[in-house]
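**Student:** Residue numbers (numbering that gives the first Met the number 0): 0 to 166.
We treat Cβ as the ideally placed atom computed from N, Cα and C, and that holds for glycine.
Model, not experiment: these values are computed from the prediction.
This is the structure I want to talk about, given as structure tokens.
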Amino acid sequence: MGEPVGGGTDIAITLTVNGVVRRAEVPGRRLLSDCLRHDLGLTGTHVGCEHGVCGCCTVLLDGEPVRSCLMFAVTADGHAVTTVEGLAGPGGELSPVQRAFAECHGLQCGFCTPGFLCVVTALLRENPVPTEEEVLEGVSGNLCRCTGYQNILRSVRRAAEIMAEER
Ligand code: FES
Ligand code: FES
0 MGEPVGGGTD IAITLTVNGV VRRAEVPGRR LLSDCLRHDL GLTGTHVGCE
50 HGVCGCCTVL LDGEPVRSCL MFAVTADGHA VTTVEGLAGP GGELSPVQRA
100 FAECHGLQCG FCTPGFLCVV TALLRENPVP TEEEVLEGVS GNLCRCTGYQ
150 NILRSVRRAA EIMAEER
């Protein structure tokens with residue numbers, strides 16, 4: 000846990016975000032989603048419901064998907080966070096999951112997309128050849144108002160194919 004800063008109530012925290020050590024001084028009640036967006040300037044993480052329902056704010060904490068609107072930034076102190084900005088390769092090349100979403104039109108307005116990209120990245124890392132049911136289950140915690148989900152499901156299957164081709 001970070002230390003209170005000076006005489007105020009802010010707490011100094013250190014996170015490794017997308018492979019880079021980042022420091023912030025935050026009130027104890029600052030949500031991780033707000034810390035990422037407002038303190039660290041990583042606005043790729045979207046905030047929809049702020050109640051843990053929509054999944055828009057999903058990031059990876061030590062590789063596992065978490066809803067950053069349900070977590071205090073201080074709880075992530077000392078941990079590794081991957082946001083949507085960290086999914087591409089070092090030269091900016093899109094990850095297989097990102098390529099699949101682009102190829103299969105797995106997005107329309109894109110508001111839900113960062114959350115889907117993070118959750119699908121973790122899903123396929125854990126289970127590179129998911130069944131249809133496992134794909135459905137894997138994305139069932141993320142809501143999309145635009146696509147009707149079919150292209151998102153296609154995108155997940157295509158991402159699994161691309162990853163298999165590249166192995
Ligand atoms: S904004 Fe976090 S789950 Fe909706
Ligand atoms: S693409 Fe618009 S909410 Fe999913």
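With DSSP as the reference, please indicate the residues paired to Leu86 in a beta bridge.
**Tutor:** BP columns for Leu86 are empty, so no partner.
**Student:** Taking C-beta to C-beta, are Glu125 and Asn17 nearer than 7 Å?
**Tutor:** Result no, Cβ atoms of Glu125 and Asn17 do not sit closer than 7 Å.
**Student:** Between the region 58 to 74 and the region 31 to 38, can you find at least three pairs of beta-carbon atoms closer than 8 Å?
**Tutor:** Touching, yes, given that three or more Cβ pairs across the two stretches are closer than 8 Å.
**Student:** Tell me, to the nearest whole angstrom, how far the beta carbon of Gly114 is from that of His45; I am working on the premise that it is less than 8 Å.
**Tutor:** So it is a contact: roughly 7 Å between Cβ atoms.
**Student:** Would you say Glu49 touches ligand 1, meaning its beta carbon is less than 6 Å from a heavy atom?
**Tutor:** Yes, since a heavy atom of ligand 1 falls inside the 6 Å radius drawn around the Cβ of Glu49.
**Student:** What first and last residue would you give for the alpha helix (DSSP H) that runs through Thr57?
**Tutor:** It is not in any alpha helix (DSSP H) - Thr57 instead sits in the beta strand (DSSP E) that spans Thr57 to Leu60.
**Student:** With a threshold of 16 other CB atoms inside 10 Å of the CB of Ala163, please say whether the residue is buried or exposed.
**Tutor:** Ala163 comes out exposed.
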